[in-house]
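Written below as structure tokens is the structure these notes are about.
There are 2 protein chains.
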Amino acid sequence: MTANNVPKATLQRYPVYLKALRRLQKNGVERIMSKELSSFVDIEPTTIRRDFSFLGNLGKQGYGYDVDKLIEIFNGQLGVNFDEKIILVGAGNLGRALMNYNKWDYVVGEIECAFDVDKSKCGTQFGVEVYSMDLLEEKIPKGCRIAILTISHNVQETVDRLVDCGITGIVDFTHQHFLAPKGVVIKSIDVVSSIQELVFMTNSLESKTKKQKSGK
Amino acid sequence: MTANNVPKATLQRYPVYLKALRRLQKNGVERIMSKELSSFVDIEPTTIRRDFSFLGNLGKQGYGYDVDKLIEIFNGQLGVNFDEKIILVGAGNLGRALMNYNKWDYVVGEIECAFDVDKSKCGTQFGVEVYSMDLLEEKIPKGCRIAILTISHNVQETVDRLVDCGITGIVDFTHQHFLAPKGVVIKSIDVVSSIQELVFMTNSLESKTKKQKSGK
DNA sequence: TTTTATTTGTTCACTGTTTCACAAACATTA
DNA sequence: TAATGTTTGTGAAACAGTGAACAAATAAAA
Numbered sequence: 173m174t175a176n177n178v179p180k181a182t183l184q185r186y187p188v189y190l191k192a193l194r195r196l197q198k199n200g201v202e203r204i205m206s207k208e209l210s211s212f213v214d215i216e217p218t219t220i221r222r223d224f225s226f227l228g229n230l231g232k233q234g235y236g237y238d239v240d241k242l243i244e245i246f247n248g249q250l251g252v253n254f255d256e257k258i259i260l261v262g263a264g265n266l267g268r269a270l271m272n273y274n275k276w277d278y279v280v281g282e283i284e285c286a287f288d289v290d291k292s293k294c295g296t297q298f299g300v301e302v303y304s305m306d307l308l309e310e311k312i313p314k315g316c317r318i319a320i321l322t323i324s325h326n327v328q329e330t331v332d333r334l335v336d337c338g339i340t341g342i343v344d345f346t347h348q349h350f351l352a353p354k355g356v357v358i359k360s361i362d363v364v365s366s367i368q369e370l371v372f373m374t375n376s377l378e379s380k381t382k383k384q385k386s387g388k
Numbered sequence: 173m174t175a176n177n178v179p180k181a182t183l184q185r186y187p188v189y190l191k192a193l194r195r196l197q198k199n200g201v202e203r204i205m206s207k208e209l210s211s212f213v214d215i216e217p218t219t220i221r222r223d224f225s226f227l228g229n230l231g232k233q234g235y236g237y238d239v240d241k242l243i244e245i246f247n248g249q250l251g252v253n254f255d256e257k258i259i260l261v262g263a264g265n266l267g268r269a270l271m272n273y274n275k276w277d278y279v280v281g282e283i284e285c286a287f288d289v290d291k292s293k294c295g296t297q298f299g300v301e302v303y304s305m306d307l308l309e310e311k312i313p314k315g316c317r318i319a320i321l322t323i324s325h326n327v328q329e330t331v332d333r334l335v336d337c338g339i340t341g342i343v344d345f346t347h348q349h350f351l352a353p354k355g356v357v358i359k360s361i362d363v364v365s366s367i368q369e370l371v372f373m374t375n376s377l378e379s380k381t382k383k384q385k386s387g388k
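Chains as they are written, first to last, in the numbering used here: chain A, 173 to 388; chain B, 173 to 388.
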């Protein structure tokens with residue numbers, strides 16, 4: 173039995189749990205209770221227990237959860253692959269920052285190689301082999317499913333090529349709109365939009381408080 | 173009347189609309205219908221109409237929405253401030269990439285200045301003035317509400333200082349867990365977690381499809 | 001071994017979000 | 001001006017997610 177029919181909201185919380193659990197494991201913590209974990213991840217104990225229960229009966233009443241076991245189950249059931257092959261498309265400023273950041277072993281795999289249209293960026297100068305964009309189809313690692321996209325031109329065309337190469341998940345840092353077939357999961361990260369969201373929420377909170385104070 | 177009591181889910185979609193509308197405006201599009209906009213942003217027309225309706229009766233039956241008016245209302249009602257002052261805390265690889273990216277005028281304001289503990293990073297070498305972290309309280313711009321956090325040490329302490337300086341929104345790139353008082357909005361961005369989420373979703377989709385195919 | 005204390009897994013009620021479906025409003029054409 | 005076609009704005013239904021409460025299960029203590 174594999175994890176199936178897990179609510180989207182829960183799927184989005186799993187990485188949070190996994191991150192906290194790894195840190196606990198590192199610190200030598202062997203067992204944890206939902207209430208305690210709650211204080212680390214800011215998620216209600218009830219929600220934690222329900223989220224975990226989708227993956228089986230992982231805990232013991234009156235005892236809690238075994239950290240090692242929990243991590244093992246997470247990895248197994250959720251298909252975390254420590255050698256998940258990830259490619260980076262676009263070796264600009266952001267791409268280079270990501271390559272430098274590439275200490276993801278034992279968390280989710282690592283960036284295998286990168287691609288860029290600019291041939292002056294090719295080579296191994298950034299710690300990861302950068303190939304010309306022309307060689308995408310040739311150099312993309314076998315079984316690679318995840319691509320990080322940090323380009324700003326020819327986005328749609330590039331996405332089409334990636335999908336043809338078997339990519340099923342894209343972390344999207346472009347500011348462009350593009351289409352991908354169903355079955356390809358896109359996770360867009362846009363600092364500008366994040367800031368806007370923050371501004372909107374801040375303003376919304378503010379006007380709520382004002383309303384409370386003035387009583388109107 | 174200001175935007176008030178807007179659902180959180182809606183607030184999170186406003187940046188998406190705004191981005192799409194700006195692009196349409198740039199391309200000379202003057203009017204748009206919810207159905208058409210839907211194809212650009214992958215949100216149901218009905219959801220779009222309801223989201224817009226929180227800000228007033230912006231459209232006209234049988235006609236659609238006026239793009240210019242829509243953008244104007246968004247900016248006004250949501251408090252988008254083109255000179256929203258943003259500070260960057262941490263001038264490492266990622267921080268520098270963001271400074272280089274700092275072309276946000278007419279979208280959401282821009283990074284006014286940055287701070288870093290490492291004095292060798294201080295100065296204007298990256299296009300934005302970088303101050304020593306010691307000078308935070310002194311150099312932080314008046315009225316600054318938003319901070320982008322890209323540090324990896326002393327996170328909690330730094331957050332406390334930022335909050336004391338009046339920061340009410342934090343874009344968080346650290347991989348650490350920290351606490352902030354209510355009223356401070358946090359938007360966490362973690363590439364590793366994003367990749368994991370992607371992997372989980374991809375696997376979840378896969379097992380669903382398999383189940384369908386095998387009929388079991 | 002029995003009792004007590006603890007913590008899980010899950011049911012139920014509630015709240016928030018999305019979608020359907022349609023009346024009302026307007027643009028457009030004749 | 002009247003008739004027609006289109007698209008909004010929204011009430012109400014359906015769906016999804018959250019949190020309180022508690023029975024069942026186990027650990028720990030007596």
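Note that CB positions come from ideal geometry on N, CA and C, so glycine has one too. None of these values were measured; they are calculated from a predicted model.
- For residue 373 of chain B, the neighbours in chain A by C-beta distance under 7 Å run, in chain order, 183, 357.
- Uninterrupted beta strand (DSSP E) stretches at least 3 residues long and entirely within the segment 217-285 of chain A occur at 236-238, 257-261, given in chain order.
- DSSP places residue 356 of chain B outside both helix and strand once states are collapsed to three, so it counts as coil.
- In this structure, residue 340 of chain B lies near residue 356 of chain B, with their beta-carbon atoms less than 7 Å apart.
- Residue 187 of chain B is classed as buried because its beta carbon has at least 16 other beta carbons within 10 Å across all chains shown.
- Not a single CB atom of chain B sits nearer than 7 Å to the CB of residue 189 of chain A.
- Listed in chain order, the alpha helix (DSSP H) elements of length 4 or more contained wholly in the segment 327-371 of chain A are 327-336.
- Leaving aside the five residues that flank residue 361 of chain A on each side, the residues in its chain whose CB is nearer than 8 Å to its CB run, in chain order, 343, 344, 345.
- Listed in chain order, the non-local C-beta contacts of residue 348 of chain A below 6 Å within the same chain comprise 327, local neighbours out to five positions each way being set aside.
- Around residue 206 of chain B, the same chain offers 217, 220, 221 as residues with beta carbons nearer than 6 Å, after the five sequence neighbours per side are excluded.
- Chain B places a beta carbon closer than 7 Å to that of residue 369 of chain A, counting this residue as a contact.
- Residues are counted here when their Cβ sits less than 7 Å from a Cβ of chain A; for the segment 340-357 of chain B these are 340, 341, 343, 349, 355, 357, given in chain order.
- By the Cβ neighbour-count rule, residue 232 of chain A is exposed, with fewer than 16 other Cβ atoms within 10 Å of its own.
- By the 16-neighbour rule on beta-carbons within 10 angstroms, residue 196 of chain A is buried.
- Under a 10 Å Cβ-count criterion, residue 376 of chain B is classified as buried, with 16 or more other Cβ atoms of the shown protein chains found around its own Cβ.
- Contact check for residue 372 of chain A against residue 250 of chain B passes: the beta carbons are separated by less than 7 Å.
- Assignment of residue 298 of chain A by DSSP, reduced to helix, strand and coil, places it in the coil class.
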